[in-house]
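S.K.: The sequence shown maps to residues -31 to -1, 1 to 351 in mature numbering (1 follows the signal peptide of the UniProt record, and there is no 0). Note that the Cβ used here is the ideal one computed from N, Cα and C, for glycine as well. Values in this document were obtained by computation on a predicted structure and should not be read as measured data. Right, I'll just put the structure down here and ask away after.
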Amino acid sequence: MGRKMWGLIPVFDCSQLLLLCPSQCKPSVRSITTTDAWVDSPQPTMSDQAFVTLATNDNYAKGAMVLGQSLRNHNTTRKLVVLLGPHVADPCRGALHSIFDEVIMVNVMDSGDAANLALMKRPDLGVTITKLHCWTLVQYSKCVFMDADTLVLSNIDELFEREELSAAPDPGWPDCFNSGVFVFRPSNETHKQLLTFCAEKGSFDGGDQGVLNSYFNTWATADISKHLPFIYNLSSIAIYSYLPAFKRYGHDAKVVHFLGKVKPWNYSYDAQRGEVRGHSASPDPCHMHPDYLLQWWQLYATSVLPLLQKVYGDAPFSSGFVDQSSPDKLHEDVREQAKPSPPPSQRVSSEERKQRWEAGQIDYLGDDSFTNIEQKLNSFLK
Ligand SMILES: [Mn+2]
């Protein structure tokens, strides 16, 4: 199972996926409790520890709300904190307040000198520098950072037993950790060092994962207890790149991470039918595993949408629901991201195909067609 596996990342439609993946490995769609359930629960709070996430725009804010609510529904005893970039609309901020204990605005332009300096040297790393701000939450002794495109499937408070910097391997390069879920200790000193590092060395992948892997560069070899099991950061892409492992271990998943360009909020939801609808750049919702995607939308529909309706009142906002009067109409934010697919390819290298796949450009009728992938898979599964 080397890098060649990239060449056989399958493209399934729902029925094909279900054929390959027997029912016992499908995550069950759990019933969803409402906000009131946790408000009244007598859970003790470990007030010096927190789950932290980040929203840089209104879409990611929706993701953060679903994530926060999923942590509440699984009765976390820790505080919930969301960091907000300057582009999140006021009503969204209001809605976040009803799920999170702390909603913290981060404007790196006027935060500390070090952050400002780092940003001036590397304006391309604005979002990364915003994320690094989590190290300044020194009112907490230990935190778990989670990307806003993650969803919690069971209680994960045991993560606080781990030390900085604990994280799960990245499916694309397992000697790197994936920075979608990590345990850290807030410290102004570490924050300063990270910013200096960021300004001087930049990021080998253009994002926070590159910076953090270069800074915490002994993660791969020094201490196995800092390797979180993969079930704490199960990325959707891994399901398809190593399906037999997903069949064997997938039912233990505790956190799912919707990696890739198309996020759950880019799809739309038919509330009447309880179905997730496709996205024009990725027409088949199964790319993300349909059950996790459905769980995201169910949680959104039950617990997040009512909050948004309350804060927006009569003002229009993008609910993500299919417009019943014209069911084919996609929302603005979905149309914005739709890109025409590239012309049919000549033969391309495995590396090039990997890049195209990651960019959402999938050769459905050629190299990445289901028959090709099924043949390859069968040869492995024999
Ligand atoms: Mn992510």
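Looking at the secondary structure, which residues open and close the alpha helix (DSSP H) in which Leu164 lies?
M.R.: Per DSSP, Leu164 belongs to the alpha helix (DSSP H) from 157 to 170.
S.K.: For Pro233, which of helix, strand or coil comes out of DSSP?
M.R.: helix
S.K.: Does the beta-carbon of Gln264 have 16 or more other beta-carbons within 10 angstroms, so that it is buried, or is it exposed?
M.R.: Counting every other CB atom within 10 Å of its CB across the protein chains shown gives Gln264 a total of 16 or more, marking it as buried.
S.K.: Figure out for me which residue from Phe215, Leu262, Gly219 has the closest Cα to the Cα of Asn235.
M.R.: Leu262
S.K.: Just curious, the alpha helix (DSSP H) that residue 354 is in, first and last residue?
M.R.: Within the shown structure, residues of the chain are numbered from -31 to 351, placing residue 354 beyond reach of any answer.
S.K.: So the alpha helix (DSSP H) residue 355 belongs to, where does it begin and stop?
M.R.: Because the chain spans -31 through 351 in this model, residue 355 falls outside it and cannot be assessed.
S.K.: Per DSSP, which residues does Gln18 bridge with? Please list them.
M.R.: Lys111
S.K.: Heavy atom of ligand 1 less than 7 Å from the Cβ of Asp116, yes or no?
M.R.: Relative to ligand 1, Asp116 has its C-beta within less than 7 Å of a heavy atom.
S.K.: Should Asn28 go down as buried or exposed, given a rule of 16 or more other Cβ atoms within 10 Å for buried?
M.R.: buried
S.K.: Taking 7 Å as the cut-off, is the CB of Gly149 close to at least one heavy atom of ligand 1?
M.R.: yes
S.K.: Alpha carbon to alpha carbon, how far is Asn26 from Ala58?
M.R.: 8 Å
S.K.: Which residues does DSSP list as the beta-bridge partners of Glu71?
M.R.: DSSP lists Val50 as the bridge partner or partners of Glu71.
S.K.: Per DSSP, Asp239 is paired with what?
M.R.: Glu244
S.K.: What number of angstroms, rounded off, separates the C-alpha of Pro60 from the C-alpha of Asn42?
M.R.: 23 Å
S.K.: Tell me whether Phe151 is buried or exposed, calling it buried when 16 or more other Cβ atoms sit within 10 Å of its Cβ.
M.R.: buried
S.K.: Say the cut is 7 Å; is the CB of residue 371 nearer than that to a heavy atom of ligand 1?
M.R.: The structure shown does not extend to residue 371, since the chain spans only -31 to 351, so no value can be given for it.
S.K.: Between the alpha carbons of Gln233 and Val35, how many angstroms are there, rounded?
M.R.: The sequence as given places Pro at residue 233; Gln does not occur at that position. Each residue's Cα considered, the two are about 10 Å apart.
S.K.: Quick one: is Met115 buried, meaning 16 or more other Cβ sit within 10 Å of its Cβ, or exposed?
M.R.: Label assigned to Met115: buried.
S.K.: For a test of the three-state rule: what should DSSP assign to Ser287, helix, strand or coil?
M.R.: coil
S.K.: Between Leu228 and the rest of its own chain, which residues show a CB-CB distance below 7 Å, the 5 nearest in sequence each way excluded?
M.R.: Ser204, Ser205, Ile206
S.K.: In terms of alpha-carbon separation, which member of His66, Met74, Asp126 lies closest to Val224?
M.R.: Asp126
S.K.: Across the region 133 to 144 and the region 181 to 191, are there enough close Cβ pairs to call them in contact, namely three or more that are closer than 8 Å?
M.R.: yes
S.K.: Using the beta-carbon count (16 or more within 10 Å), is Val107 buried or exposed?
M.R.: Residue environment analysis places Val107 among the exposed positions, since fewer than 16 neighbouring C-beta atoms fall within 10 angstroms of its C-beta.
S.K.: Would you mind stating whether Lys100 and Leu23 have Cβ atoms separated by less than 8 Å?
M.R.: yes
S.K.: May I ask you to verify whether the region 60 to 69 touches the region 269 to 276, counting CB pairs closer than 8 Å and requiring at least 3?
M.R.: yes
S.K.: Could you check whether Phe199 and Pro285 sit closer than 8 Å to each other, using their CB atoms as the reference points?
M.R.: no
S.K.: For Val150, list the residues DSSP reports as bridge partners.
M.R.: Met115
S.K.: For Asp93, count neighbouring Cβ atoms within 10 angstroms of its own Cβ and tell me buried if that reaches 16, exposed if not.
M.R.: Exposed: under 16 other Cβ atoms inside 10 Å.
S.K.: Could you check if Gly179 is buried or exposed, using at least 16 other CB atoms within 10 Å of its CB as the buried criterion?
M.R.: buried
S.K.: Count the other C-beta atoms from every protein chain shown that fall within 10 angstroms of the C-beta of Arg91, then say buried if there are 16 or more, exposed otherwise.
M.R.: Taking all protein chains in view, the Cβ of Arg91 is crowded by 16 or more other Cβ atoms within 10 Å, so the residue is classified as buried.
S.K.: Measure the C-alpha to C-alpha separation of Asn202 and Leu128 and round it to an integer number of angstroms.
M.R.: 12 Å
S.K.: In the structure shown, what three-state DSSP assignment does His258 receive?
M.R.: DSSP places His258 in coil when its eight states are reduced to three.
S.K.: So the alpha helix (DSSP H) Ser205 belongs to, where does it begin and stop?
M.R.: For Ser205, the enclosing alpha helix (DSSP H) begins and ends at 205 to 210.
S.K.: In whole angstroms, give me the CA-to-CA distance for residue 363 and Leu88.
M.R.: Residue coverage of the chain in this structure runs from -31 to 351, which leaves residue 363 outside it and unanswerable.
S.K.: Suppose you measure from the CA of Val113 to the CA of Trp142; what does that come to, to the nearest Å?
M.R.: 22 Å
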